[in-house]
Each structure stands twice: as C-alpha cells, then as structure tokens.
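In UniProt numbering, the protein residues as written are 1 to 163.
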C-alpha cells in the first residue's frame, strides 16, 4: 500500500526539454491556424485563443499526470511553453495592429441600414433564423430599427440601432 515513491521517475526528465518546447510550439501554431482560418466562429462563443489554450493545456497536463510523458517535469515544461506562447501573442497583439489583425478575425458586417449581407452571413454559416434570434435577444424586432449589425471577433453579435 505505501510503496516507496520514485522521485526520479516522477520529476526527472524523460524527454529532452527542447523536444517538448518544439512539440508544444508546433501544436500551438497548428491548432491556432486551424481555429483561426478553418473553423468558423460560433455566435456568442468563447474566443479562439481561449479555447486553444484550454484544450492544449488540459491535454498536456493530463498526459503529465497520467504518465504519458512519465514525468511531471515534462508536463510542466510543455504547459509553460504553451502558456508562454499565449502570453507572447497577447503582448504582441496589444502592441501591434498587424499582429492583432492576424490573431483576431475582424468584425464582420451582417446588416447595414436594414439590409442583410448574405455573403458575409454565409462566410460564418449564420442562418437568418440564427441572426434573428440574436437580434431579438437585443430587443430588435425589425431591421428598420437597425443601422449596423456586426459579428465580433469573439463571435458575439453587436447591434447599433438607428437614432
């Protein structure tokens, strides 16, 4: 029941740290690009970067805890790499409009002056019914009352009503 703890197996490195950093970096960028350019924004969803970091960190931590890497230290290095990339992207996005445009989807115009922009709605696979649901939630019952409607980078719908 109380066997000796193998501290070296638990905290010693079983994979070279540079390999963990390269693997973590490769997966971060692969999933980031996949989420940013392939997978659509969901209306009202959490931001892509938020989902990305939660999924990867959870997986990396789980593998370290379950023994996939065979050491907690391996998992700590991998999680630190992922958090580091996320932190760096936040800093770069804050200081650079160019990086911000790459990291975040721009707001997408869905309605202007009471007119639906079907091409933009198709880009994000937003049906008229789905848009109307979001408009009703914001107290809009007629497009005549709407000046502009945008899908924001985080998937939220923002409405600018006519004066």
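All C-beta atoms, glycine included, are put in the ideal place defined by N, C-alpha and C.
query                                                                                                               : result
Beta strand (DSSP E) segment containing residue 112, residue limits                                                 : 108–112
Straight-line gap, residue 49 to residue 113 (C-alpha atoms, nearest Å)                                             : 32 Å
CA nearest to the CA of residue 36, picked from 155, 120, 161                                                       : 155
Cα-Cα separation, residue 125 to residue 142                                                                        : 22 Å
Any 3 or more C-beta pairs closer than 8 Å across the segment 95–107 and the segment 125–137                        : no
Residue 149 classed as buried or exposed, judged by whether at least 16 other C-beta atoms fall within 10 angstroms : buried
Environment of residue 9 [buried if 16+ CB atoms lie within 10 Å]                                                   : exposed
Backbone CA spacing between residue 72 and residue 62 [nearest angstrom]                                            : 10 Å
Which residues DSSP lists as bridging residue 158, in chain order                                                   : 150
Selection from 152, 151, 20, 163 that minimises the alpha carbon distance to residue 144                            : 163
Environment of residue 97 [buried if 16+ CB atoms lie within 10 Å]                                                  : exposed
Beta-carbon separation (whole angstroms), residue 78 vs residue 20, contact threshold 8 Å                           : 5 Å
For residue 53 and residue 151, the rounded distance between their alpha carbons                                    : 22 Å
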